[in-house]
Structure formats: C-alpha cells, structure tokens
Amino acid sequence: MNDPHQPDPGYPALAEDLLDRAQRAKEHWRTPGAERLGMSPHALAALAQTQHDNAAGLKRIVERLGQWPGRSTVGTDACQAAVDIAVHSDHNPALQRTLLGLLRRAVEAGDATSAQIAHLHDRCLVNVGQAQLYGTQHWYRPDGRLEPHPIADPEQLDTRRASAGLPPYTDQARRLRERHGPIASLSAPAAVKPTPALDTRAA
C-alpha cells in the first residue's frame, strides 16, 4: 500500500482488513504439494476455518460497498487480496459466482484486471466440474505431482491467456515446477479431481 504508483485507497480500513486476511491464509496457499498431502486433521480444520472467515469478511465488504473492492476503493494490493480470498472460497460456490459477477463489472470499469477475473472464472468452472479456460487451476495427484484441471480447447490456451494478460502456460508451468516439483502434461488422462485446487497466482 506504500507503492507511489498505486492510488490511495478510499477505504483504508477495508484495504487493511483484506490484506491481513489474505496474508494469514497465504502460508497455506503456497505450501508445496508434499507438505499439503501430509497435513494433519487439525491443520486442515484450521485452514477451513480461515477460509470461511475470509469469505464472510469479503462478503461483508462487498455488501458495504455495493460493488467489488477495486483498485479505486481499496488499492491495487487489497484488490488482489480480495481476488485471492474469493478464489479460495470453495465452500460457498454461490458466493463465488456472485463475486465473479461483481469482479467482472469491476474489470469492465477498469477497476480490476482481466488476469484477476481469469483466475476466479477458472475456479468457478472447476468447482462445478467444467473445463477451465485459462489453465490457472491445478490439483495434487496421489503421487504428489501437480496436474492441471481439464482445459477447454487446449490448443487455444495461450491465445486466451494472452487476451487476459497472462503469460504463456509454459512459463507458468516452469514457475510451478520450481516450487512444487513435476507437473503432469496438459494431455494427461482425465481423473477424479479432488478439491481444493491450487490456484497458480497463490502458488
């Protein structure tokens, strides 16, 4: 929030709340795959509670504002924190869809980015068993490797990613491999995909 290139948030207290919430959850979001698979029931329960609390907090904020907490209201970093919280609100798909609509309006108004909506759109698709569009969502196989959730028309993946301001998928995969190890190919056989997915921005 001290970046001189960012607009001053019109709601600094809401911005701080969003940033604090995302920071508390980020440690898990970025946990490597092998560690995630070995999480204790207590750790999983604590994570679930954090996700529920974060979603409830974001819901209160959008209700107060009547819109997505965009860059003009909470600043660039807090806007991104809100996206990260929304992406990880898998326990409440109805809320995720509502947030997607609000974020879409913010993008149309220039108050959020196309890349941000790509992540939330993919997550909403994956959570209802549909193929994602931008390749931002992955899952951990039983062997600990990451695999992308099914992608619609994969031949056009990088074209869609470019239109959303995302780098080529090979660049994303390289970054994921550095942190999480091997990644199955886009053409890997379909399998039952457990949730939650790993969002590449949080990785």
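For the sequence shown, this note's numbering assigns the number 180 to the initial residue and increments by one for each residue that follows. Cβ coordinates follow ideal geometry from the N, Cα and C atoms, glycine included.
- Taking 4 residues as the shortest admissible run, the segment 199-282 contains the following complete alpha helix (DSSP H) segments, listed from N- to C-terminal end: 212-216, 220-244, 250-253, 255-266.
- Of the candidates ARG320, GLN311, GLU242, GLN311 places its Cα closest to the Cα of PRO333.
- Contact between ALA257 and ALA194 holds, since their C-beta atoms are separated by about 4 Å, short of 8 Å.
- For the pair CYS303 and LEU279, the CB atoms are nearer than the 7 Å cut-off.
- DSSP, reduced to helix, strand and coil, places TYR348 within a helical segment of the structure shown.
- Considering only TYR313, PRO220, ILE330, GLY236, the residue with the shortest C-alpha distance to ALA192 is GLY236.
- By the Cβ rule, the segment 314-332 does not count as touching the segment 274-291, because fewer than three pairs are nearer than 8 Å.
- Counting along the chain, HIS317 sits inside no alpha helix (DSSP H); it lies in the beta strand (DSSP E) bounded by residues 316-319.
- The continuous stretches of alpha helix (DSSP H) do not include LEU325, which lies in the beta strand (DSSP E) extending over residues 325-327.
- Counting every other CB atom within 10 Å of its CB across the protein chains shown gives GLN228 a total below 16, marking it as exposed.
- In the three-state DSSP reduction, GLN309 falls in the coil class, being neither helix nor strand.
- For GLY189, the closest alpha carbon among the candidates SER219, LEU345, GLY254, ARG239 is that of GLY254.
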